[in-house]
RNA sequence: GUCAGUGUAGCUCAGCUGGUUAGAGCACAGCAUUCAUAACGCUGAGGUCGAGAGUUCAAGUCUCUCCACUGACACCA
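In our numbering, the protein residues as written are 20 to 533.
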């Protein structure tokens, strides 16, 4: 097939170090990217950071750093974490890069040509945290932002405006398209919002140095959102060094999916497509707004002091545990609750007890009775109930994964492992082998279970690539070139290939309350 | 305030157009047990299905009211 498939995480705001929420989004994207690659698609997996805006400027100031240095510092933390989480991104976009600002200028000139920009005046109470004007009473003397609990600032300034209202009908049509906005519940909210009439929005700020300058308007810099969203384009250009918005240069555009948190869905599903329409570019194929994570039933926040640091979690449970738990136990799209007890239980049960132990017990038997080779009768393979099971579960897995239903996909893997465990208990090869006449039957049984393990390892790959490779290594399978189309056929395991000595592929996590 | 969604075992959730003793996984208890990471397997205990009222021969499943949580919009701060 070899289709181009472009997937993006949000460009994370470098106001602070990465938190569990951004890790969650990024892990989900990584799973999708890996899944698509295994399906033979040519994937461009894009992530990056959004570095401009007043909030950054002030944060840097409070740290007595130049904004750029502050951004560099935080950007490094993101890169470090993505590295630790084995995120297979292809490009990392920085909105402070020269290429990016060149692209923003190019894009802006297109929007200008479309006659979609005008100078307007905006006054009102402004929240720097939100980077947004708030609808509050003008007579109020000390209004406070309901989200940030900070005092608002009075602003009265000239801004450039983008004619969002002009795209009312086109946006209405776009958001109706089946699959454009997921999950469905959020789609309805956006439709509702758009139906009330789109208002033009400002795309520039004055008196803000930390931003990309607006050509022709010295005092102005671009509003962070206008700037940040374009990072998706600058990151997906074929040749990033010479940003030109032509059909050729846009070979990775449009994005197949923007994965974001539910809080910024409107920017992605409404503002962003309108901007692209204005510039005569294609709109993204889909936008997925996932839910938020709470911790032990409570919102995570600095004020509550219950923020879960991804690095800490990683050190505690390991990368496979973290990735597995987030993808397997939390409904993608819905809000989810992180519970330490459950984290430990789920990971131990699924990865150590069900899958790890299955592999371990089977390899042990194989080594004990057949040394390295399994004398299996190939003609019998086609009739194994495990063959049927694996096909059933592969189907379930594929179907669910395409809907970004990671939970159900992961369940399919566990079901297959359960079946294999049951099969062993049922066949009891350790009893059969006592009669040497049964050796062939036992070989067949062992082979079928090992083959199930191989398929399990491959299906696990997008979820927990490290564990997947550890399993394949024990089966002495080269993990560097696998793809679904070839690898998911029953009977691909070479019986003469030999096996590595078994050692637990997944250590258990010990639960300790902290 | 308006609209939408959710509320089912300790935890995470299934239960389509109403129909016999409400399900799964995890956790827990007991049994069994080595091929295996005290793992796998079997058995079991656990729910007045958010509350109340109504429709019906029959409601987790339909109607109404209320409560809690989540979100959107509006309003206020």
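Idealized CB from N, CA, C, for every residue including glycine.
Going by other Cβ atoms of all chains shown within 10 Å of its Cβ, with 16 needed for buried, is residue 361 buried or exposed? exposed
Would you kindly check if the distance between the Cβ of residue 114 and the Cβ of residue 30 is under 8 Å? Yes.
Out of 380, 214 and 343, which one is the CA nearest neighbour of residue 192? 214
Would a C-beta distance cut-off of 8 Å place residue 205 and residue 256 closer than the cut-off? With a cutoff of 8 Å on beta-carbon distance, residue 205 and residue 256 are scored as not near each other.
Can you list, in chain order, the residues of its chain whose CB lies under 7 Å from that of residue 382, leaving out five sequence neighbours each side? 493, 518 and 521
Determine the extent of the beta strand (DSSP E) in which residue 138 is found, giving its start and end residues. 136-146
Taking only three categories from DSSP, how would you classify residue 116? coil
Short of 7 Å in beta carbon distance, which residues of its chain neighbour residue 253, apart from the five on each side in sequence? Order them along the chain. 112, 118, 119, 122, 259 and 262, listed in sequence order.
Please state whether the Cβ-Cβ distance between residue 243 and residue 71 is less than 8 Å. yes
Reference residue 306, options 179, 59, 38 and 48, closest by Cα: 48
What are the start and end residues of each continuous beta strand (DSSP E) run of 3 or more residues lying completely inside the segment 284-362, in chain order? Segments of the beta strand (DSSP E) lying fully in the segment 284-362: 306-309, 312-314 and 355-357.
Rounded to the nearest angstrom, what separates residue 83 and residue 275 at their Cα positions? 40 Å
Residue 223 - containing beta strand (DSSP E), residue span: 223-225
Assigned exposure category for residue 401 - 16 Cβ within 10 Å defines buried: Exposed, by the Cβ-count rule.
Exposed or buried, residue 416, counting other C-beta atoms within 10 Å across all chains shown (16 or more means buried)? Result: buried.
Helix, strand or coil for residue 528? Go by DSSP, reduced to three states. coil
Expressed to the nearest angstrom, what Euclidean distance is found between the alpha-carbon atoms of residue 529 and residue 314? 19 Å
According to DSSP, is residue 152 helix, strand or coil? strand
Member of 222, 423, 472 and 171 whose CA lies at the smallest distance from the CA of residue 347: 423
Cβ pair count under 8 Å reaching 3, the segment 425-436 against the segment 369-386: yes
For residue 88, I'd like the list of residues in its chain whose CB is within less than 7 Å of its CB, leaving aside the five on either flank, ordered along the chain. none
Can you check DSSP and say which residues form a bridge with residue 23? 61
Taking the alpha carbon of residue 220 as the reference point, which residue from 237, 389 and 182 has its own alpha carbon closest? 182
Can you name the start and end residues of the alpha helix (DSSP H) that residue 501 belongs to? It is not in any alpha helix (DSSP H) - residue 501 carries neither H nor E in the DSSP assignment.
With a cut-off of 8 Å on the beta carbons, I'd call residue 179 and residue 222 a contact; round off their distance for me. 5 Å
Sorted by chain position, which residues of the same chain lie with C-beta nearer than 7 Å to residue 86's C-beta, five sequence neighbours on each side aside? 75, 76, 79 and 229
Looking only at its chain, what residues have a beta carbon closer than 7 Å to the beta carbon of residue 37, apart from the 5 residues adjacent to it on each side? 31, 96, 97, 100 and 329
So, residue 145 versus residue 171, is the Cβ gap smaller than 8 Å? Result yes, Cβ atoms of residue 145 and residue 171 sit closer than 8 Å.
Outcome for residue 342 when other beta-carbon atoms lying within 10 angstroms are tallied against a minimum of 16: buried
For residue 323, collect the residues of the same chain with a Cβ closer than 7 Å to its Cβ; drop the 5 residues on either side in sequence, then sort them by chain order. 317
Any contact of the segment 470-489 with the segment 445-456, i.e. 3+ C-beta pairs under 8 Å? In short, these stretches do not touch, since the Cβ pair count stays below three.
My assumption, with CB atoms under 8 Å, is that residue 490 sits in contact with residue 472. Please give the rounded CB distance. Contact flag correct, Cβ pair sits at about 7 Å.
Going by C-alpha distance, which of 377, 327, 210 and 196 is nearest residue 302? 196
Which residues in the same chain as residue 548 place their Cβ atom closer than 6 Å to its Cβ, once the five residues preceding and following it in sequence are excluded? No information on residue 548 is available, as it lies outside the stretch 20 to 533 that the chain covers here.
How is residue 217 classed by DSSP in three states: helix, strand or coil? coil
List the endpoints of the continuous alpha helix (DSSP H) containing residue 250. Note, residue 250: alpha helix (DSSP H), 250-255.
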